[in-house]
Structure formats: C-alpha cells, structure tokens
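Take 246 as the starting number for the sequence shown in our numbering and just add one per residue. Where is the CB? At the ideal position from N, CA and C, for every residue including glycine. Note that the coordinates shown come from a computational prediction; the quantities given were computed from them, not determined experimentally. Everything on this sheet refers to the single structure shown next.
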Amino acid sequence: MTDSRAVVSTGKGEPVQLVTIDVPDPGPGEAVVRVQSCGVCHTDLHYREGGISDDYPFLLGHEAAGTVEQVGDGVRDVAPGDFVVLNWRAVCGVCRACKRGEPQYCFDTHNAAQPMTLQDGTALEPALGIGAFTERTLVAAGQCTKVDPQARSAVAGLLGCGVMAGIGAAVNTGGAGPGDTVAVIGCGGVGDGSIAGANMVGARRIIAVDTDPTKLTWAREFGATHTVNAAEYDTVEAVRELTGGFGADIVVDAVGTPQTFKQAFYARDHAGTLVLVGVPTPDMMLELPLLDVFARGGAIKPSWYGDCLPERDFPALVEMYQQGRLPLEKFVTEEIGLGDVEAAFDKMHRGEVLRSVVNL
246 MTDSRAVVST GKGEPVQLVT IDVPDPGPGE AVVRVQSCGV CHTDLHYREG GISDDYPFLL
306 GHEAAGTVEQ VGDGVRDVAP GDFVVLNWRA VCGVCRACKR GEPQYCFDTH NAAQPMTLQD
366 GTALEPALGI GAFTERTLVA AGQCTKVDPQ ARSAVAGLLG CGVMAGIGAA VNTGGAGPGD
426 TVAVIGCGGV GDGSIAGANM VGARRIIAVD TDPTKLTWAR EFGATHTVNA AEYDTVEAVR
486 ELTGGFGADI VVDAVGTPQT FKQAFYARDH AGTLVLVGVP TPDMMLELPL LDVFARGGAI
546 KPSWYGDCLP ERDFPALVEM YQQGRLPLEK FVTEEIGLGD VEAAFDKMHR GEVLRSVVNL
C-alpha cells in the first residue's frame, strides 16, 4: 500500500479536492504507474458534474503518461521502468471481436480489480478506469502501452483519450487518406485531433467548422486549409462551396448534437462518410428523412476512442511526433500542478485552453 496525493471529486458540481489516497500493491494482472503528466479533459469535468454516473467519490484524470513502478503476478508485457501511456481499453483477447481479429472493438475491456481508496477506506471510482490526477495509480497491466521514453510525458499522455479519439475518427474510422476532402465540425481537442490526423495522412482539403474564432485559429495550426465560422455562415452551404458543390468525402462531427449531426450528414458528398465522435447526451433525439439516408448512400459511423488499438497506434503516433510529422505539442496550452485542476476546469469553460496538462 502506498500513499499518494490525488485530485478527487466528492459531489456533483462541487470543487475538486486535493487529498491523500491509498494505492494498493498490484495484484495479478495489475500495475502501479508513477504518473508524470495527465491532461485535463472534458470527460473529467463531466464526471465532476455527474454527467457520467453518480458513483462519487471519483478519482479524476485519465490522459496520462508515466513510468511503471510495480507489476503483479502474471504480467509479462510491461516491467518496472517502462515509460507508458495509459489507455482505457485494455482488451481481453478472447471475446468474439478479439477472436475475429478486431480487438479495437473488444466487448470485454477491463480495469484493475482492486480499488484505490480514501484513507478512511472509501473506495474511489477512477475516471475511465484510470484515475491519473495522482502521483501513483493502479491499473490493469493491459492499460499500459509502452512508447518511446524520449517523448515528453506532457505530450505523449494526450494520446490516452481526446487526441487519439480525434486522430482515429478521421484515420481509423473515416479512412481518410491522400487526396480526400475532410470537414471537421467542432474544433476542440478531439476536432483538432481529427484535423491533425487528416493532415498527417495527406488529405487534400481540410475544412474546420466552429463558432469560436479562436478555435478556428487553432485549427489552422493543426493543418486546416479552410475555416468556416458557423455563427456567420451556413455550415452545409459553406462546405459545399469549398468542395466544388459536392460536399466533403469525410465529415467528422466532433460535437455530437442533433444539429451538428444533420450538418455533417448533408455536408458530405454522395457516398461520403459521416463519423460521429462527439458524445451526445442521453436525452438527445435525431430525426432524418429515411429517404435521404437511403438516397445519399455512403456510411454513417460512430467512432469510440477513434477505433484505436493502443499497442498499435500509440507507439506509431509518438514516433510520428518525434519525427516532426504530428504536432502533438500544439495541443498543450499550459502545464500546471495538481492543485490547479479546478482553475483548469474554469479555463476550459471559458474556452481559453485547448489542453491544460498536470505535471507531477
């Protein structure tokens, strides 16, 4: 058992607290990771606001990189000293998706079996099964993906969630490639990840759509060739005008509302692909003429975690970053301490940051 400082959410909408928690020694198939950096993601804020569940207290943080300190019995793929990026999709290897060679769709992903606790013994619910706003965290060993140890932890850790979801939405789910036209609706961390991914694979035209001029400026830094302010222009008409009247080959909805989904649906070319990576709320309902769905052809694809396979994608993307082909460092707006998470949430609300990253 190890003491560790940690950021915990104790109630809906209440400011987070910096407390000391207990981290168990790893059991079979588990690992303790010394966290070096962890990004502040909107999902952490959703946990604090009760948007995920009401299983308080939550141990927040999940976009993390660090060094393995201990491993439990049976762990073979990682060892103490390994530099790893944490992922929330530790695949089982035996479900029907894994057996048919599609582990990125694993139906039985898992986390550590033992709980981390407050010092009074109260079990903590770790965000996305990770809980990394802490000096040390306990995870399933399969949640640890080894990457180049020369990579900066503040940058590499962002692949653990939002940036990977965005890159994967464009490349893995959408199948973007050389010569394609790609439109991205919503230019936060996930949307900019899609833009960076489309640029990385050689898309010919990349159209960024948002209502915030600052976010559109950021989008250009990741490779957007054109921008559309949706507060001033009709999104569908603007995308069509920029694509010869046809619409984009791939449209990524990184917002996830009925309005943006419809915009994405009609902004794509005939037989084009719509990728939904923005997360809707449970109350949202969608109405579309079924004839339009039939007549336009193509594909409508939800993208969960960018359809990534961490052991395949994380090392490759870190290598591309190291080669200067993927500007991951541009996602990092500021680097902060554990005690600054609540202030980072406020900056997120105001749209002042793309990513705040906690360094430990």
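Measuring CB atoms only, is the region 419-435 touching the region 325-343, in the sense that at least three cross pairs come out at less than 8 Å? These segments do not touch.
So the alpha helix (DSSP H) arginine 279 belongs to, where does it begin and stop? Residue 279 sits at position 34 when you count from the first residue of the sequence shown. Careful: arginine 279 lies outside any alpha helix (DSSP H), inside the beta strand (DSSP E) at 275-284.
Nearest to serine 282 by CA position, among Leu521, Leu305, Glu597 and Glu580, is which residue? Position 37 of the sequence shown, counted from the start, is the residue given in the question as residue 282. Considering only alpha carbons, the answer is Glu580.
Going straight from the alpha carbon of serine 398 to that of methionine 565, what length do you get? As a first step, residue 398 is located in the sequence shown; it is residue number 153 there, counting from the start. As a first step, residue 565 is located in the sequence shown; it is residue number 320 there, counting from the start. Straight-line spacing of the CA atoms in serine 398 and methionine 565 works out to 15 Å.
Bounding residues of the alpha helix (DSSP H) (the contiguous stretch that carries alanine 251): The residue you call residue 251 lines up with position 6 of the sequence shown. Boundaries for alanine 251: no alpha helix (DSSP H) harbours it, while the beta strand (DSSP E) harbouring it runs 247-254, taken from the DSSP string.
With a floor of 3 residues, list each beta strand (DSSP E) that falls wholly inside the region 284-362, ordered by position along the chain. Counting only unbroken stretches of 3 or more residues, the beta strand (DSSP E) elements lying wholly within the region 284-362 are 308-316 and 328-331, in sequence order.
Run of the alpha helix (DSSP H) containing glycine 413, from where it starts to where it stops: For the purposes of this step, residue 413 is identified with residue 168 of the sequence shown, where counting begins at 1. For glycine 413, the enclosing alpha helix (DSSP H) starts and ends at 407-413.
Coil, strand or helix - aspartate 585 by DSSP: Taking the first residue of the sequence shown as 1, we reach residue 585 at position 340. Here aspartate 585 sits in helix by DSSP.
For glutamate 564, does the three-state DSSP call read helix, strand or coil? Here residue 564 is taken as the residue at index 319 of the sequence shown, counted from 1. In the structure shown, glutamate 564 sits in a helix (DSSP, three-state: H, G or I).
Name the DSSP beta bridge partners of isoleucine 375, please? In the sequence shown, the residue the question calls residue 375 occupies position 130. Within the DSSP bridge table, the entry for isoleucine 375 names no partner.
Are valine 484 and alanine 493 close, meaning C-beta to C-beta below 8 Å? Taking the first residue of the sequence shown as 1, we reach residue 484 at position 239. Taking the first residue of the sequence shown as 1, we reach residue 493 at position 248. Yes; because the gap between Cβ atoms is below 8 Å, this pair is in contact.
Quick check: valine 473 and aspartate 498, are their CB atoms within less than 8 Å of each other? By 1-based counting over the sequence shown, the position of residue 473 is 228. By 1-based counting over the sequence shown, the position of residue 498 is 253. Their beta carbons are not under 8 Å apart, which means valine 473 does not touch aspartate 498 by this criterion.
When DSSP builds the beta bridges, which residues end up paired with aspartate 455? Taking the sequence shown and counting its residues from 1, one reaches residue 455 at position 210. According to the DSSP secondary-structure assignment, aspartate 455 is paired through a beta bridge with Asn474.
Per DSSP, what kind of secondary structure is lysine 546 in: helix, strand or coil? Within the sequence shown, residue 546 is the residue found at index 301, counting from 1. Strand.
Flag this pair as touching only if the region 257-269 and the region 288-300 have three or more C-beta atom pairs under 8 Å; answer yes or no. Using a Cβ-Cβ distance cut-off of 8 Å, the region 257-269 and the region 288-300 are in contact, since at least three pairs of beta carbons, one from each stretch, lie closer than that value.
Contact check, alanine 443 vs glycine 468 under 8 Å by CB: the rounded distance? Along the sequence shown, read from residue 1 onward, the residue named residue 443 stands at position 198. Along the sequence shown, read from residue 1 onward, the residue named residue 468 stands at position 223. So it is a contact: roughly 7 Å between Cβ atoms.
I need the boundaries of the beta strand (DSSP E) containing aspartate 514, first residue and last residue. Here residue 514 refers to the residue found at position 269 of the sequence shown. Aspartate 514: member of the beta strand (DSSP E) spanning 513-521, first to last residue.
Cβ-Cβ distance between threonine 203 and proline 302 below 8 Å: The chain is shown from 246 up to 605; residue 203 falls before or after that span and cannot be answered.
Going by DSSP, name the residue or residues bridged to arginine 450. To locate residue 450, count along the sequence shown from 1; it is residue 205. In DSSP, arginine 450 forms a bridge with Thr426.
Local conformation of leucine 571 per DSSP, three classes: Residue mapping note: residue 571 aligns to position 326 of the sequence shown, counting from 1. Three-state result, leucine 571: coil.
Are the CB atoms of asparagine 356 and glycine 338 within a distance shorter than 8 Å? Locating residue 338 in the sequence shown gives position 93, where the first residue counts as 1. Locating residue 356 in the sequence shown gives position 111, where the first residue counts as 1. Result no, Cβ atoms of glycine 338 and asparagine 356 do not sit closer than 8 Å.
Is the beta carbon of valine 392 closer than 8 Å to that of phenylalanine 328? One-based indexing of the sequence shown puts residue 328 at position 83. One-based indexing of the sequence shown puts residue 392 at position 147. The Cβ-Cβ distance between phenylalanine 328 and valine 392 falls below 8 Å.
Starting from the C-beta of cysteine 343, find all residues in its chain whose C-beta is less than 7 Å away, skip the five residues before and the five after it, and write them out in chain order. Numbered from 1 along the sequence shown, position 98 holds the residue referred to as residue 343. If we look at cysteine 343 and ignore the five residues flanking it on each side, its Cβ neighbours are Val336, Cys337 and Cys351.
Collapsed DSSP secondary structure at leucine 554 in the structure displayed: Working through the sequence shown from its first residue, we reach residue 554 at position 309. Of the three classes helix, strand and coil, the one that applies to leucine 554 here is coil, per DSSP.
Is the number of C-beta pairs between the region 581-588 and the region 456-468 that are closer than 8 Å three or more? The way I'd put it, the region 581-588 doesn't touch the region 456-468; fewer than three beta-carbon pairs between them come closer than 8 Å.
By the 10 Å Cβ neighbour count, where 16 or more other Cβ atoms means buried, how is methionine 445 classified, buried or exposed? Along the sequence shown, read from residue 1 onward, the residue named residue 445 stands at position 200. By the neighbour-count rule (16 or more Cβ atoms within 10 Å), methionine 445 is buried.
Short of 6 Å in beta carbon distance, which residues of its chain neighbour threonine 505, apart from the five on each side in sequence? Order them along the chain. Here the question's residue 505 lines up with position 260 in the sequence shown. The residues are Ile430 and Asp498.
Whose CA, out of Arg600, Arg321, Arg450 and Trp549, lies closest to the CA of alanine 606? As displayed, the chain neither begins before 246 nor continues past 605, which places residue 606 out of reach and without an answer.
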